[in-house]
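Trainee: Protein chains in written order, with this note's numbering: chain V, 153 to 505; chain R, 153 to 505. Ideal placement from N, C-alpha and C gives every residue a C-beta, glycine not left out. Note that the structure is predicted; figures quoted are calculated from it, not measured.
Protein chains: 2
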Amino acid sequence: MSPVPARLPGKSRPSVGDVAALADVSLGTVSNVLNHPDKVTPDTRARVERAIAMLGYVPNAAARSLVMGSTTTIGLIVSDLDNSLFVDIARGAESGAEHGGLTLMLANSDARIERESAHLAMFAQARVRGILMTLNDAAHFEAVARVAPSGTPLVLLNFSAPTSHYCSVDVDNALGGYLATKHLIEIGRRRLVFVGGPRELQPVVDREKGFHTALAEHPEVTAEVVTPEWINRADGWSVGSHLASRILAGEIDGIFAASDLLAAGIVQALSSTVGVRIPEHVAVVGYDNNQAAWDSPIPISTIAQPGEDVGRLGALLLQEEAAAQGDATHRHSAVVLPPRLVVRQSSAGSRTV
Amino acid sequence: MSPVPARLPGKSRPSVGDVAALADVSLGTVSNVLNHPDKVTPDTRARVERAIAMLGYVPNAAARSLVMGSTTTIGLIVSDLDNSLFVDIARGAESGAEHGGLTLMLANSDARIERESAHLAMFAQARVRGILMTLNDAAHFEAVARVAPSGTPLVLLNFSAPTSHYCSVDVDNALGGYLATKHLIEIGRRRLVFVGGPRELQPVVDREKGFHTALAEHPEVTAEVVTPEWINRADGWSVGSHLASRILAGEIDGIFAASDLLAAGIVQALSSTVGVRIPEHVAVVGYDNNQAAWDSPIPISTIAQPGEDVGRLGALLLQEEAAAQGDATHRHSAVVLPPRLVVRQSSAGSRTV
DNA sequence: CCAGGTCTGTGAAGCGTTTCAAACCATAGG
DNA sequence: CCTATGGTTTGAAACGCTTCACAGACCTGG
Numbered sequence: 153m154s155p156v157p158a159r160l161p162g163k164s165r166p167s168v169g170d171v172a173a174l175a176d177v178s179l180g181t182v183s184n185v186l187n188h189p190d191k192v193t194p195d196t197r198a199r200v201e202r203a204i205a206m207l208g209y210v211p212n213a214a215a216r217s218l219v220m221g222s223t224t225t226i227g228l229i230v231s232d233l234d235n236s237l238f239v240d241i242a243r244g245a246e247s248g249a250e251h252g253g254l255t256l257m258l259a260n261s262d263a264r265i266e267r268e269s270a271h272l273a274m275f276a277q278a279r280v281r282g283i284l285m286t287l288n289d290a291a292h293f294e295a296v297a298r299v300a301p302s303g304t305p306l307v308l309l310n311f312s313a314p315t316s317h318y319c320s321v322d323v324d325n326a327l328g329g330y331l332a333t334k335h336l337i338e339i340g341r342r343r344l345v346f347v348g349g350p351r352e353l354q355p356v357v358d359r360e361k362g363f364h365t366a367l368a369e370h371p372e373v374t375a376e377v378v379t380p381e382w383i384n385r386a387d388g389w390s391v392g393s394h395l396a397s398r399i400l401a402g403e404i405d406g407i408f409a410a411s412d413l414l415a416a417g418i419v420q421a422l423s424s425t426v427g428v429r430i431p432e433h434v435a436v437v438g439y440d441n442n443q444a445a446w447d448s449p450i451p452i453s454t455i456a457q458p459g460e461d462v463g464r465l466g467a468l469l470l471q472e473e474a475a476a477q478g479d480a481t482h483r484h485s486a487v488v489l490p491p492r493l494v495v496r497q498s499s500a501g502s503r504t505v
Numbered sequence: 153m154s155p156v157p158a159r160l161p162g163k164s165r166p167s168v169g170d171v172a173a174l175a176d177v178s179l180g181t182v183s184n185v186l187n188h189p190d191k192v193t194p195d196t197r198a199r200v201e202r203a204i205a206m207l208g209y210v211p212n213a214a215a216r217s218l219v220m221g222s223t224t225t226i227g228l229i230v231s232d233l234d235n236s237l238f239v240d241i242a243r244g245a246e247s248g249a250e251h252g253g254l255t256l257m258l259a260n261s262d263a264r265i266e267r268e269s270a271h272l273a274m275f276a277q278a279r280v281r282g283i284l285m286t287l288n289d290a291a292h293f294e295a296v297a298r299v300a301p302s303g304t305p306l307v308l309l310n311f312s313a314p315t316s317h318y319c320s321v322d323v324d325n326a327l328g329g330y331l332a333t334k335h336l337i338e339i340g341r342r343r344l345v346f347v348g349g350p351r352e353l354q355p356v357v358d359r360e361k362g363f364h365t366a367l368a369e370h371p372e373v374t375a376e377v378v379t380p381e382w383i384n385r386a387d388g389w390s391v392g393s394h395l396a397s398r399i400l401a402g403e404i405d406g407i408f409a410a411s412d413l414l415a416a417g418i419v420q421a422l423s424s425t426v427g428v429r430i431p432e433h434v435a436v437v438g439y440d441n442n443q444a445a446w447d448s449p450i451p452i453s454t455i456a457q458p459g460e461d462v463g464r465l466g467a468l469l470l471q472e473e474a475a476a477q478g479d480a481t482h483r484h485s486a487v488v489l490p491p492r493l494v495v496r497q498s499s500a501g502s503r504t505v
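#1: Is there at least one Cβ from chain R nearer than 9 Å to Ser485 of chain V's Cβ?
#2: Suppose the cutoff is 6 Å on Cβ atoms and the five residues either side in sequence are ignored; what does the same chain contact list for Ala421 of chain R look like?
#3: Would you mind sorting Thr481 of chain R into buried or exposed? The rule is 16 or more other CB atoms within 10 Å of its CB.
#4: Exposed or buried, what is Pro403 of chain R when buried is set at 16 or more other beta-carbons lying within 10 Å of its beta-carbon?
#5: Indicate the three-state DSSP secondary structure (helix, strand or coil) for Thr193 of chain R in the structure shown.
#6: Across the segment 163-173 of chain R and the segment 357-366 of chain V, are there enough close Cβ pairs to call them in contact, namely three or more that are closer than 8 Å?
#7: Can at least three beta-carbon pairs, one atom from the segment 376-386 of chain V and one from the segment 315-335 of chain V, be found at a separation below 8 Å?
#8: When you check each C-beta in the segment 451-467 of chain V against every C-beta of chain R, which residues fall closer than 9 Å?
#9: Is the beta carbon of Leu258 of chain V less than 9 Å from the beta carbon of Met285 of chain R?
#10: Pro449 of chain R versus chain V: which residues are under 8 Å apart at the beta carbon?
#11: Got a sec? Which residues, its chain only, sit under 8 Å from Val495 of chain V by beta carbon, not counting five neighbours each side?
#12: With H, G and I counted as helix, E and B as strand and the rest as coil, what does DSSP make of Val428 of chain V?
#13: Answer yes or no: do Ala410 of chain R and Gly349 of chain R have a C-beta to C-beta separation smaller than 9 Å?
#14: Compare the Cα-Cα distances from Asp240 of chain R to each of R:Glu472, R:Gln471 and R:Asn442 and report the closest residue.
#15: Between the Cα of Ala506 of chain V and those of V:Leu465, V:Trp446, V:Arg464 and V:Leu218, spot the shortest distance and give me the residue it belongs to.
#16: Please list the terminal residues of the continuous beta strand (DSSP E) segment that includes Ser320 of chain R.
#17: So for Asp440 of chain R, helix, strand or coil by DSSP?
#18: Which bits of chain R does Met285 of chain V rub up against, with CB to CB less than 7 Å?
#19: So, does the CB of Asn260 of chain V fall closer than 9 Å to a CB anywhere in chain R?
#20: Taking the alpha carbon of Thr333 of chain R as the point to measure from, which residue in R:Thr304, R:Asp190, R:Glu352 and R:Leu367 has its own alpha carbon closest?
#21: Are Ala396 of chain R and Ser498 of chain R closer than 9 Å when you measure CB to CB?
#22: List, in order along the chain, the chain R residues whose C-beta lies closer than 7 Å to that of Asp234 of chain V?
#23: Can you check whether the C-beta of Arg113 of chain V is within less than 9 Å of a C-beta belonging to chain R?
#24: Within a Cβ cutoff of 6 Å, which residues of the same chain sit near Gly438 of chain V, ignoring the five residues on either side of it in sequence?
#25: Between which two residues does the beta strand (DSSP E) holding Arg492 of chain R run?
#26: From Ser485 of chain R to Gly253 of chain R, what distance separates their C-alpha atoms?
#27: Counting only Cβ pairs nearer than 8 Å, list the residues of chain R close to Thr122 of chain V.
#28: When the distance is taken between beta carbons, is Leu272 of chain V closer than 9 Å to Ala300 of chain V?
#29: The segment 198-214 of chain V: which residues have C-beta closer than 9 Å to a C-beta of chain R, in chain order?
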């Protein structure tokens, strides 16, 4: 009665053999029903399918991949599931994988090298078709390059491969920095501050580079750089507090922060400073388009990263590379996607002074 | 020179056989070096290990699990990676798995039944040791119960199994509702509103239940219930706008919202209403301890869910159940964890009126 | 010098699949 | 009635690994 077949305690799961016996056909036929249904007479197929249903047979992926010599899975290692950018990337990667009939296995490394290595090793043992991996800095890259399983295509995400041994999909952080700065200048700001993080974070360094590029085009704009310890809300808060008096003094009228959390902290600090108005006295632009940006009391302008595109494109590149295995003609490509500016209240309109 | 062995294009990956040949030992010995190093003489072991390194040999998990008859992996299906609660659960599950020497495979279903089924099927084929799965409502449970692979332990998370066929780890939403309401009453509020979501969401229904339980203990408190279409920020915003005038009129002095997003929307709407002060005129408590709650201009009191504990405990229960496979003495347990109140500015201190 | 015991290392069997050459069967044409 | 013809079905081989009963080497004490 129950669709769930009661399996005797001692009995292990049914195999093709059991199905074949029940349907009174050979092993090969059962396999054909599963993989080449058209090669089997309709009524034989029906008999086999009934047997499969009765036994609750589920193919064993391990056995299949053993004989096939490859799996139908790709692995993705992300560095921080708490950051919505990486969730977007995961989403994109999943859709890219699905497009090629593959399934995605997701692993979270918390940006810790030993966890990255462990997951890499695990994926290698699982003989995944390929591995997607987000990376934040050069140190991690080196560690990864050392242990990366040869023979398994690896595509780097959110990072530009310094060597031509890997494909990569990155977002143009310099362009993002340029866009943010340009925007501040275009709405009339002339005294800018870049608030960045530690030098180890390559993306932050690149964003600052874009900041300076935009400035180079506008000699009339003055600029300075503040480097907090990290790029969280708390860091933003203390930077904001420090800057408040100078803003009131008119020495600063535009802030570009290297992350939305940083920007949100700054906005929070400034909002609670009597007399400072955003965006009238100072315009603020963040980076990432995190929830923190639109969730802020004063919604914050930001640079949005195309996370889903990064993931999807990475998955596609991976499949391309996997298909070209052994074919020496494959050239690793380093794709760089453009971010885009999202204007919100924190930098709306032009200067009121 | 390079630690990465250049594999000839046509040649496939090395197997135990290749290692054995190079090290001049038998297959069994290589296997022993890998799995029972103590059964092998130190220098034989060294020879084998050198061969492994030279060839860049990586064991094939499929072949191993085929002969072993089981894998060392457990699967987790979460319904929404954008919600930090589920990320917490994933973290906990990972640590619980690790504790038992297992690895976690993470899949995201976006709360769509067809994706849940697909992942369930995929895990079944992969012969995972067991499956952890977050569930939001009874409809999903029924769909899942229909397709759940028999023979693979399944533990439900964030959901209380209505039947005794599954273990489950849930959070006591009624208690959470009770705690929130009790808190509002204790800081002196007497005219409360519960803002909930649609009836399909069991957790919301339970939270409301707790609301009424607390009220029953305090006949002097009046209460009403508002049911927006959904529980997002936008819904909160419109509820807040509606309620503003009544708050000014003194008809309402405490709000318990079924989610932090809802609460954040309400706070946002009220903050922009001239004359309404939080918490002086109205105290607000949310639910979930999402980023939205502490990120709000006025940090919002909330009920924090022990997501990591849910995940970790789930993983442990799963291992217990897997170990007891076939042993009829295993009783499925339905664990219910208590949430806890986090007081922030939105309900700080006592009434000022 | 030999019986008995202790370690090491061996190699065949088997795990659940897919594939592919060969066997089978029925039908149609000569 | 015999032989091609073509579509179905068969079953052995192979995938990479672990296990386990055994063989070989070495040592110990009598």
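Mentor: If we stick to the structure as given:
#1: no
#2: Trp389, Gly392 and Ser393
#3: exposed
#4: The sequence shown places Glu at residue 403 of chain R, not Pro. By the neighbour-count rule (16 or more Cβ atoms within 10 Å), Glu403 of chain R is not buried but exposed.
#5: coil
#6: no
#7: no
#8: none
#9: no
#10: Gln420, Ser423, Ser448 and Pro449
#11: His335 and Ser453
#12: coil
#13: yes
#14: R:Asn442
#15: Nothing can be reported for residue 506 of chain V: it is not among the residues displayed for chain V, which extend from 153 to 505.
#16: Cys319 to Val323
#17: strand
#18: Going along chain R, no residue has its Cβ under 7 Å from Met285 of chain V, so there is no contact; the nearest lies around 15 Å.
#19: yes
#20: R:Leu367
#21: no
#22: Ser236 and Val239
#23: Because chain V here runs from 153 to 505, residue 113 of chain V falls outside it and cannot be looked at.
#24: Ala409, Asp412, Ala415, Ala445, Ile452 and Thr454
#25: Arg492 to Val494
#26: 23 Å
#27: Chain V is shown from 153 up to 505; residue 122 of chain V falls before or after that span and cannot be answered.
#28: yes
#29: Gly208, Val210, Pro211, Asn212, Ala213 and Ala214
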